[in-house]
Amino acid sequence: MDELMSVWQWLTDPAHWTGPDGIPVRTLQTLYISAAAMIIAIALAFPIGMITGHFRRFGNFVTNIGVIGRAIPTFALLIIFASWDAVGVGDLAAILALAIFAIPPLLTNTYVGVRDVDESMVEGATGMGMTNSQVLGRVELPTAVPLIGAGLRTTTVQVVATATLAALVGGGGLGRYVVDGFALQDVTLLMAGVVLVSVVSIGTEVILAVMQRLLTPLPLRLDRNKQMAEDAEASAA
Amino acid sequence: MSLPAVGEAPNPWFSWSYVENNLDTLVAAGQQHVALTVFAMGLSIAIAVPLAVLVRTFAPLETPTLVVTGVLYTIPSLAMITALWPVFGLSALTVIIALALYGLLIILRNILVGLDGVSETAIDSAQGMGMSKRGILWKVEVPLALPAIIAGIRLATVSTVGLVTIGALVGYGGYGTLILNGFINNFYHAQIMTATILTIILALLFDGALQLVERLVTPWTHTKDSR
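These protein sequence lines map, in sequence, to chains H and P. Numbering of the first sequence is given in my numbering, commencing with residue 5 and proceeding in unit increments. Numbering of the second sequence is given in my numbering, commencing with residue 8 and proceeding in unit increments.
Put into structure tokens, the structure is as follows:
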């Protein structure tokens, strides 16, 4: 109980809400690391996923990237980048490790989403004289939105949560409180950090879930059971 | 490969002599890695199955249960492990419990999705044959849901193999301990890379083994490979 009180006091102490070591700056650092990683991952995964999905080719390649990608430990990637002279310790190592972590699920979901669009719709569009890029842009992508969106959401949340690791290699973000608290054996600081990284991760999940629902066109909105199955598929991918 | 500058010790990423000289360490780390993964997954399944039964029996509990396991899944694993450290100390239990809680959502959700996916027709025919509710669950629903359930266990296991490495912080990380020590020990590239590759191989072995289990227990899905 005393421990809970001291964590609460730490979190509500105004001194911890200002300065370069304050909660707002640390939160922004976490979001910056996550956003940079997601931008790199999206820039690589989306185009490749769309093209392979549209032509319904290289499915094995995409599946293998997914399987191997899941098997690569992000912690190990982070340490590899941080100990590599060309990158070194700091935020960049975390951004690169997280980008590699995010590519496989984004790629698989984009590929599967585009590939699984009803063939009769694609044939109809082609019959109307649409070009490849028109079929992709006007038929396949809009139809694939729920799966791509679900994958984007799961992946972003995982990236924000995993960004905590950045602090292990001298990077910034809310993970600093956790890592420093652990190193100093300061349980209050550690637990305050745990609360903060959890709140930011869960907050990201909630905000993205709401956005996903608002952005999905009405006819494509799923009921709850289907949503759960879709989420399961998105995280499996 | 460029030659090292004068006075600079070579620090290659790939070194067979590292492997030869540290075989015992690598084997021991591998055994710990496997043990941590197996215990975490065992605990996770042991919690997920009764939870699934409970949720299927008392439908109103489904949403709160999924929210709680969802929150556990979203808490960063580094935070989960370090948060349990004041309670369980620098022990294997800290890592096992943290990773079991983390994997819970994937396994529970796949059990529920699998059971929900069983067709009404199959259940209707079982009822028509006079099977009891219990008989239907164990002889019809569970077997038909097995591919989804094992897929969940596979997914959770592969990510657990990776996350075990973070256990290095509390001294129980299998290959992760070698990775962390390599980092602390002046960026010992050969140790970091060897342990990383072995972790990936371990994850792929677990993945392959569980895929084999899936085929053995659900022979009727043989005809078509369902990912």
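Don't be surprised by glycine CBs; every beta carbon is placed ideally from N, CA and C. Just so we're clear, the structure is a prediction, and the values are computed from it rather than from any experiment.
{"Query": "Local Cβ density within 10 Å of P/Ile207, reported as buried at 16 or more and exposed below that", "Result": "buried"}
{"Query": "7 Å Cβ cut-off: residues of chain P touching H/Leu194", "Result": "Thr89"}
{"Query": "Closer than 9 Å at the beta carbon, the chain H residues around P/Ala99", "Result": "None at all; the shortest Cβ gap to chain H is about 17 Å."}
{"Query": "Alpha-carbon to alpha-carbon, H/Leu102 and H/Val210", "Result": "21 Å"}
{"Query": "Given P/Glu127 as reference, the closest of P/Leu115, P/Leu112, P/Ile143, P/Asn117 once Cα atoms are compared", "Result": "P/Ile143"}
{"Query": "Expected contact under 8 Å - CB spacing of H/Ala41 and H/Ala86 to nearest Å", "Result": "Not a contact, Cβ separation roughly 15 Å."}
{"Query": "Cutoff 7 Å; reference P/Leu187; Cβ partners in own chain excluding five residues on either side", "Result": "Ala175, Gly180"}
{"Query": "H/Asn242 classed as buried or exposed, judged by whether at least 16 other C-beta atoms fall within 10 angstroms", "Result": "In the structure as shown, chain H starts at 5 and stops at 241, and residue 242 of chain H therefore has no counterpart that could be examined."}
{"Query": "Where H/Ile69 meets chain P, residues with beta-carbon distance less than 7 Å", "Result": "The contacting residues do not exist; H/Ile69 stays about 13 Å from chain P at best."}
{"Query": "Host alpha helix (DSSP H) of P/Lys6 (start-end)", "Result": "Any question about residue 6 of chain P goes unanswered here, given that chain P covers just 8 to 234."}
{"Query": "Under 9 Å from the C-beta of H/Ile76: neighbouring residues of chain A", "Result": "Of the protein chains in this structure, namely H and P, none is chain A."}
{"Query": "Nearest-angstrom Cα separation, counted from P/Thr225 out to P/Pro150", "Result": "7 Å"}
{"Query": "P/Phe21 - DSSP class collapsed to helix/strand/coil", "Result": "coil"}
{"Query": "Contacting residues, own chain, Cβ-Cβ under 6 Å from P/Leu106 (five flanking each side not counted)", "Result": "Ala47, Thr167, Leu170"}
{"Query": "Collapsed DSSP secondary structure at H/Leu8 in the structure displayed", "Result": "helix"}
{"Query": "Candidates P/Ala86, P/Ala59, P/Val102, P/Leu61, of which the one nearest P/His40 by Cα", "Result": "P/Val102"}
{"Query": "P/Val26 beta carbon less than 9 Å from that of P/Thr172", "Result": "no"}
{"Query": "Rounded separation between P/Ala55 and P/Leu115 - CA only", "Result": "5 Å"}
{"Query": "is_contact[H/Thr197, chain P] using C-beta, thresh 9 Å", "Result": "One detail in the question is off: residue 197 of chain H reads as Gly in this sequence, not Thr. Yes, H/Gly197 counts as interfacial toward chain P."}
{"Query": "Whole-angstrom distance between H/Ile46 and H/Leu145, CA atom to CA atom", "Result": "15 Å"}
{"Query": "Supposed close pair P/Val165, P/Ile88 - CB separation, criterion 8 Å", "Result": "Actually they do not touch by this definition, with Cβ atoms about 18 Å apart."}
{"Query": "Identity of the residue in H/Thr147, H/Ile43, H/Thr34, H/Thr192 nearest H/His58 by Cα", "Result": "H/Thr147"}
{"Query": "Inter-stretch contact (C-beta, 8 Å, three-pair minimum) for the stretch 79–99 of chain H and the stretch 165–183 of chain H", "Result": "yes"}
{"Query": "Chain H within 9 Å of P/Met48, Cβ atoms only", "Result": "no"}
{"Query": "Pairwise C-alpha distance: P/Gln38 and P/Asp31", "Result": "11 Å"}
{"Query": "CB contact below 9 Å: P/Phe95 versus chain H", "Result": "no"}
{"Query": "Burial state of H/Gln13 (16 or more Cβ within 10 Å)", "Result": "exposed"}
{"Query": "Element boundaries [alpha helix (DSSP H), containing H/Asn242]", "Result": "Lying before the first or after the last residue shown, residue 242 of chain H is absent from chain H, which here runs from 5 to 241."}
{"Query": "Proximity winner among P/Gly137, P/Ala133, P/Gly189, relative to P/Leu33 (alpha-carbon distances)", "Result": "P/Gly189"}
{"Query": "Straight-line gap, P/Leu211 to P/Ile157 (C-alpha atoms, nearest Å)", "Result": "15 Å"}
{"Query": "Of the listed residues P/Leu119, P/Tyr195, P/Ser139, P/Pro83, nearest to P/Asn18 (C-alpha basis)", "Result": "P/Tyr195"}
{"Query": "7 Å Cβ shell around H/Leu11 - same chain, five flanking residues per side excluded", "Result": "Note on residue identity: the sequence assigns Val, not Leu, to residue 11 of chain H. Excluding positions up to five away in sequence, the list reads Thr192, Met195, Ala196, Val199."}
{"Query": "Whole-number beta carbon distance between H/Thr158 and H/Asp235, since they are thought to touch under 8 Å", "Result": "7 Å"}
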